[in-house]
Structures are given as C-alpha cells and as structure tokens.
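Engineer:
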Amino acid sequence: MKKISPGQAIQAGWLRFKNQAALYVAFTVVYFIMLTLISSVGNGVGTMFDFLGGAKVSLAISSIISGVAASFLTLGYAHVARKDQLGEPVEFGTFFDAFRVNQKPLLQVSVVSSLVGLISVIMFPDEFFNMASGQIQDPDEILMMIQDMGIDLRESSGTLIAVGLIQLVLSIGLMFSSYKASIEGSDLFESITWSFRVSMPNFFRIFITFFLVGILTIIFSVLTLFIGLLAIIPIITLVYYDMYDQVSDDSVLGVPLDEEDSF
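Spelled out as structure tokens, the structure:
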C-alpha cells in the first residue's frame, strides 16, 4: 500500500504553485468568475423544477450543475501540474484540458460525487430550504420556523451526526476518482473502486492533510484580508493533486523537495 505523506503534499503543493504562480493566480480569477456565472445558471435551472418537490429539489439540481462545473474547472489545476511535472510546456489553455479529454468518465464521476455531497441535505426540514430560497419572508413566520427547526434538529442530532460521518467517509473515498477519470481516462467503476482502494488505508493521513490545510487557509486568509485566496485556492488543489500522485499507479517523478517528509 502506498502511503500519503501530508507534509510532502503540502510542501509540493507550494512548490508547484511557486513554479507557475502567475498562471495559477490568473486562472483562479477566471475560475471564480466562471463558477459564479455557472452557479447563477444552475440556480435558474433548479427553480424550473420546483414543482417536483419544492426548494429541496431545486437546490439539489443546482448543486449538481455547480458541482460538475467545479469538478471540470478544478481538474484544470491537475492537468497543468501534470504537464509541468513531465517537463511539457504549459499555457493558460491547459487549464481547460479537462473539457477536451476524457470528458465522459469525468462527467459521470462528477455527478456521483455531487450526489454524495447532497446526502446530508435530505436530512434538513423542507422549511429550511423554503426560507433560504426566500419563499418565506414574514419575520414572525421565520422566527417560528427557526424555533421548530431547532427542536427537530436536536431530536435528530444522532442521525445527523451518523449521516455526516457517512458522507465524510464517502467523500474521502471518492476524492481521487475525478483524477483517475480525467487524467488516466478510467471509466466510472474503475475510477471509484480504485479511489476507495487507495484512499481508505490513508483515511487518517488525508484527514490530517485536510486539517492542516484548513488551519493554514484560515490564518493566511485573515492575514491577507482574503485576497490571499487567489493563491490559497490553487495551492490547496495542488496539495490534493500531489496526494493523488503519491498513490497513483501512474505516478510521475514529483517536484524536487528540499527534504523528504515521511509524516
């Protein structure tokens, strides 16, 4: 079993970003703009299906659209990192390679991952989504609804925690499937089974990486008044890519590190 090194992943993520910093920052600006536009379109499409089940169905549909778009855009960082590792020339257009190669398996994996992300959503009361979507605007009615939801959530807290843990396990299990599909061209079944096979033995190492990256993100975001997100977002995605590269059967010689970290 190949083990993931959180320290190496974080260090490599930073080094990869530093090698092409201007390119990554420029794409991150485009990334935010495109995701905002696609989310708006997704919300519009979602509202067209309110008749199927209200705000909850609308949110589910818009979330799937946004999730698929985010997956294709995010994989752009990985394609650039891969080519940079191989010593191949990279340009701004390389960030859109996920839209040009292996689109079908990535689309399938992205839909499955988005559906997994909606597991906990179905546990919330319908009133929550009606309020969030602006369908309920009377202040007194909103206050009463919040009180009722508080009672419902307390009564079902055990179930929510269990569902949250299941979703966490599934999310970590699936986290490498999009890389397998987009970079290696594996089909849906192979991408998912391979991802679970390599991620589950590394569950706590991946969780530690999430924790460390989360803390660093909070600190750096506050210190830079959130402008630093233009650097943090690509670094985080490059950290995740390096974890994939560490366990990949088709791994590439990584970026040179000053010191091998076996944490």
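Numbering (my numbering), first residue to last: 968 to 1230.
The beta carbon of each residue, even a glycine, is placed where N, CA and C say it ideally should be.
Being a predicted model, the structure only gives us computed values, none of them experimental.
(1) Starting from the C-beta of Thr-1014, find all residues in its chain whose C-beta is less than 6 Å away, skip the five residues before and the five after it, and write them out in chain order.
(2) Are the CB atoms of Ser-1162 and Phe-1174 nearer to each other than 7 Å?
(3) If we call anything under 7 Å between Cβ atoms a contact, is Val-1083 one with Leu-1137?
(4) Grouping DSSP H, G and I as helix and E and B as strand, with all else coil, what is Ile-1032?
(5) Using the Cα positions of Ser-1215 and Ser-1145, report the straight-line distance between them to the nearest angstrom.
(6) Just confirm the distance between the C-beta atoms of Phe-1059 and Phe-994, as a whole number of angstroms; I'd bet it's less than 8 Å.
(7) Can you check whether the CB of Asp-1064 is closer than 7 Å to the CB of Val-1057?
(8) Spatial neighbours of Ser-1006 within its chain, please: CB distance less than 6 Å, with the 5 preceding and 5 following residues excluded, ordered by chain position.
(9) Output the boundary residues of the alpha helix (DSSP H) element that contains Gly-1011.
(10) What are the start and end residues of each continuous alpha helix (DSSP H) run of 4 or more residues lying completely inside the segment 1163-1209, in chain order?
(11) What is the DSSP secondary structure of Pro-1056, reduced to helix, strand or coil?
(12) Between Ile-1182 and the ligand MG, is there a pair consisting of the residue's CB and a ligand heavy atom that are separated by less than 6 Å?
(13) Answer yes or no: do Ala-1048 and Tyr-1208 have a C-beta to C-beta separation smaller than 7 Å?
(14) When the Cα of Val-1079 is compared with those of Ala-1045, Gln-1134 and Ser-1166, which residue comes out closest?
(15) State the Cα-Cα distance for the pair Gly-1131 and Asn-1010, rounded to the nearest angstrom.
(16) Considering only residues of the same chain and omitting the five flanking positions on each side of Phe-984, which have a CB-CB separation below 6 Å?
(17) Can you tell me where the alpha helix (DSSP H) with Gly-1084 in it begins and where it stops?
(18) Cα separation between Val-1068 and Glu-1151?
(19) Roughly how many angstroms lie between the CA atoms of Leu-1183 and Ala-1037, to the nearest whole one?
(20) Considering only C-alpha positions, which residue in the set Val-997, Ala-1198, Leu-1053 and Ile-1186 is nearest to Asp-1212?
(21) Classify Lys-969 as helix, strand or coil using the three-state DSSP reduction.
(22) Go ahead and pull the three-state DSSP assignment for Asp-1064.
(23) How many Å lie between Leu-982 and Met-1210 at the Cα?
(24) Answer with buried or exposed for Val-980, where buried requires no fewer than 16 other C-beta atoms within 10 angstroms of its C-beta.
Structural biologist: So, from the listed chains and residues:
(1) Taking the sequence shown and counting its residues from 1, the one referred to as residue 1014 is at position 47. Taken in chain order, the residues that qualify are Ser-1025.
(2) As a first step, residue 1162 is located in the sequence shown; it is residue number 195 there, counting from the start. As a first step, residue 1174 is located in the sequence shown; it is residue number 207 there, counting from the start. Contact: no.
(3) Taking the first residue of the sequence shown as 1, we reach residue 1083 at position 116. Taking the first residue of the sequence shown as 1, we reach residue 1137 at position 170. Contact: yes.
(4) Residue mapping note: residue 1032 aligns to position 65 of the sequence shown, counting from 1. If DSSP states are grouped into helix, strand and coil, Ile-1032 belongs with the helices.
(5) Counting from one through the sequence shown, the residue named residue 1215 turns up at place 248. Counting from one through the sequence shown, the residue named residue 1145 turns up at place 178. Near 12 Å, if we compare the C-alpha coordinates of Ser-1145 and Ser-1215.
(6) Here residue 1059 refers to the residue found at position 92 when the sequence shown is read from its first residue. Here residue 994 refers to the residue found at position 27 when the sequence shown is read from its first residue. That belief holds up - the Cβ atoms of Phe-1059 and Phe-994 are roughly 7 Å apart, short of 8 Å.
(7) Translated into positions along the sequence shown, residue 1057 becomes position 90. Translated into positions along the sequence shown, residue 1064 becomes position 97. No; because the gap between Cβ atoms is not below 7 Å, this pair is not in contact.
(8) Within the sequence shown, residue 1006 is the residue found at index 39, counting from 1. Taken in chain order, the residues that qualify are Ser-1033.
(9) Mapped onto the sequence shown, residue 1011 falls at position 44. Element bounds for Gly-1011: 988-1014.
(10) 1170-1190
(11) Along the sequence shown, read from residue 1 onward, the residue named residue 1056 stands at position 89. Coil.
(12) You won't find the ligand MG in this model; it holds no ligand whatsoever.
(13) Here residue 1048 is taken as the residue at index 81 of the sequence shown, counted from 1. Here residue 1208 is taken as the residue at index 241 of the sequence shown, counted from 1. In contact: Ala-1048 and Tyr-1208 (Cβ atoms closer than 7 Å).
(14) Counting from 1 along the sequence shown, the entry for residue 1079 is found at position 112. Minimum Cα distance to Val-1079 is reached at Gln-1134.
(15) Translated into positions along the sequence shown, residue 1131 becomes position 164. Translated into positions along the sequence shown, residue 1010 becomes position 43. In a straight line, the C-alpha of Gly-1131 is about 25 Å away from that of Asn-1010.
(16) Here residue 984 refers to the residue found at position 17 when the sequence shown is read from its first residue. Tyr-991, Pro-1201, Ile-1202 and Leu-1205.
(17) On the sequence shown, residue 1084 is found 117 positions in, with the first residue counted as 1. Taken as a continuous stretch (DSSP letters only), the alpha helix (DSSP H) holding Gly-1084 covers 1070-1084.
(18) If you number the sequence shown from 1, residue 1068 lands on position 101. If you number the sequence shown from 1, residue 1151 lands on position 184. Rounded to whole angstroms, Val-1068 to Glu-1151 spans 10 Å at the Cα level.
(19) Counted from its first residue, the sequence shown places residue 1183 at position 216. Counted from its first residue, the sequence shown places residue 1037 at position 70. Each residue's Cα considered, the two are about 22 Å apart.
(20) In the sequence shown, counting from the first residue as 1, residue 1212 sits at position 245. Nearest option by C-alpha distance: Leu-1053.
(21) Along the sequence shown, read from residue 1 onward, the residue named residue 969 stands at position 2. Three-state DSSP puts Lys-969 in coil, outside helix and strand.
(22) For the purposes of this step, residue 1064 is taken as residue 97 along the sequence shown, with counting starting at 1. Reduced to three states, the DSSP call for Asp-1064 is helix.
(23) As a first step, residue 982 must be located in the sequence shown, where it is residue number 15. As a first step, residue 1210 must be located in the sequence shown, where it is residue number 243. Leu-982 and Met-1210: Cα-Cα distance of roughly 14 Å.
(24) Against the sequence shown, residue 980 aligns to sequence position 13. Checking the sequence, you will find Gly at residue 980 rather than Val. The residue is buried, with at least 16 neighbouring Cβ atoms inside 10 Å.
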